[in-house]
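A.B. asks:
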Amino acid sequence: MVMTTHHFLLHSAALILVFLTRAPDCNALALIRPSVDTKVWMLGNRNTSMKYERDRFLEEAQKKSIDFTLVHSSEFHSVVSGPGADRDSIIYKDEAVSLPDVVLARTGSGTGTASINLLRQFERLNVPTLPNSASIEASMDKMYANQILAQAGLPIPKTMLARLPETSAELVQKVVGFPCVLKVVTGSLGKGVHLCHNAKEFENLSEMLCSV
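Residues -28 to -1, 1 to 184 (mature numbering (1 follows the signal peptide of the UniProt record, and there is no 0)) are what the sequence shown spells out, left to right.
(1) Taking S46 and N89 to be in contact with their CB atoms under 8 angstroms, please state how far apart those CB atoms are, rounded to whole angstroms.
(2) Would you mind giving the Cβ-Cβ distance between residue 198 and V74, rounded to the nearest angstrom? I have them listed as a contact below 8 angstroms.
(3) Tell me the rounded alpha-carbon separation between H169 and C152.
(4) So, with DSSP's three-state summary, where would you put F29?
(5) If distances are taken between C-alpha atoms only, which option among K36, R18, M132, G84 comes closest to K11?
(6) Taking the C-alpha atoms as reference points, what is the distance between S105 and F40?
(7) Throw me the rounded Cβ distance for the N118 and I108 pair, which I believe falls under 8 angstroms.
(8) Give me the residue from S87, L71, A77, A86 with the minimum Cα distance to L97.
(9) Applying the criterion that 16 or more other CB atoms from any shown protein chain within 10 Å of the CB defines a buried residue, is T85 buried or exposed?
(10) Provide the residue span of the alpha helix (DSSP H) that contains M115, from first to last.
As structure tokens, then:
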């Protein structure tokens, strides 16, 4: 995979297909363990592209009679207190409410500072967040995420950070090889992902992206 300064990553295309064929239905797996009295909040956004995932979580929660609520960061205020003051708190829709047992973060590539700070606040109050704020911050930069996975010894496609238009097709062929997948450093849901079968396609795509 390759990334550029419009930054893109380049991956070995064949290995990605192997990973995808082994992927489980994570929406169902995430809700296997909770008991019927579990209170779950899903921190989402109003992006309709995330609707399928939200609906799948809701479907699994209803099967298990889990108290499941979709919430948005814009509905919250976080309060941090110093020594001797009232403890830190979270205000939801201008009211003090009992906190959930767990928060599922599904804000996608549009995750901003408000959502990250809210997740940190939940963590300060000992509410588990899945994934946690640190994981989300890491995943927002795909190159950094690949570095973390590689350091942990996990299998990843061979990946190179590219600087377009400086990165040549010859270098890509030498380091990653074709076909390869070219993607932006930030983003999700398949946006900003391109398949390059050969050097000519890479050169054409590089020219197009740099002209935008």
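Cβ atoms here follow ideal geometry from the backbone N, Cα and C, with glycine treated the same way.
C.D. replies: Result, derived from the coordinates:
(1) S46 to N89, Cβ: 12 angstroms. No contact.
(2) Within the shown structure, residues of the chain are numbered from -28 to 184, placing residue 198 beyond reach of any answer.
(3) Straight-line Cα distance between these residues: approximately 7 angstroms.
(4) Helix at F29.
(5) Nearest of K36, R18, M132, G84 to K11, Cα basis: K36.
(6) Whole-angstrom Cα-Cα distance: 20 angstroms.
(7) Not really, about 16 angstroms apart at Cβ, beyond 8 angstroms.
(8) Among S87, L71, A77, A86, the Cα nearest to that of L97 is on L71.
(9) Exposed.
(10) M115 -> alpha helix (DSSP H) spans 114 to 123.
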